[in-house]
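Participant:
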Amino acid sequence: MRAILAGLVALGFAITADAAQQPKANIDAAKLVGKWAPIGFGGKPELKLAEEFTADGKHNFGGLKGTYKVEGSTLTITYDVGGTLQRKISKLTDKEVVYGTGKAASVYKKVK
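Read left to right, the sequence shown gives residues 956 to 1067 (our numbering).
What follows is the structure, encoded as structure tokens:
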């Protein structure tokens, strides 16, 4: 019983130490303001699929309007017609935003 308890305590310390080493990403939501288009084949932005974020928290994607907020590295979009979309922002610069990681990552370039 003591061996099991000691193993659980050690596991708890290992998980806590790993979480402490990974910084919590705080995304600067002000950098998200503007018009963004996903990168298509050939590395060019697909302007037909562009989405826009405004400074007052509004979101527009091809006439589908809503609001957005950023908490930590999570972007939450709530559409006026109903429904919510959450995305993890793994990278945000003045020119590029990346949602997700690895093969599931989506890269967007700022177009305006």
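We put the beta carbon where it would ideally sit given N, CA and C, even for glycine.
Quick check on K1058: does DSSP put it in helix, strand or coil?
Facilitator: The residue labelled residue 1058 in the question sits at position 103 within the sequence shown. K1058: helix per DSSP, three-state reduction.
Participant: Hey, quick one: how far does the beta strand (DSSP E) through G1021 stretch, first residue to last?
Facilitator: For the purposes of this step, residue 1021 is taken as residue 66 along the sequence shown, with counting starting at 1. 1019 to 1026 is the extent of the beta strand (DSSP E) around G1021.
Participant: Starting from G989, follow the beta strand (DSSP E) in both directions and report where the run begins and ends.
Facilitator: Taking the first residue of the sequence shown as 1, we reach residue 989 at position 34. Note, G989: beta strand (DSSP E), 989 to 993.
Participant: Closer than 8 Å is the cut-off here; do at least three beta carbon pairs connect the segment 979 to 992 with the segment 1024 to 1037?
Facilitator: Enough Cβ pairs lie closer than 8 Å, so yes.
Participant: Based on Cα-Cα distance, which residue from K999, G1038, G998, H1014 lies nearest to L987?
Facilitator: The residue you call residue 987 lines up with position 32 of the sequence shown. Measuring from the Cα of L987, the nearest candidate turns out to be H1014.
Participant: Using 8 Å as the Cβ pair cut-off and three pairs as the minimum, do the segment 992 to 1005 and the segment 1055 to 1067 touch?
Facilitator: The answer is yes - the segment 1055 to 1067 touches the segment 992 to 1005, with three or more Cβ pairs under 8 Å.
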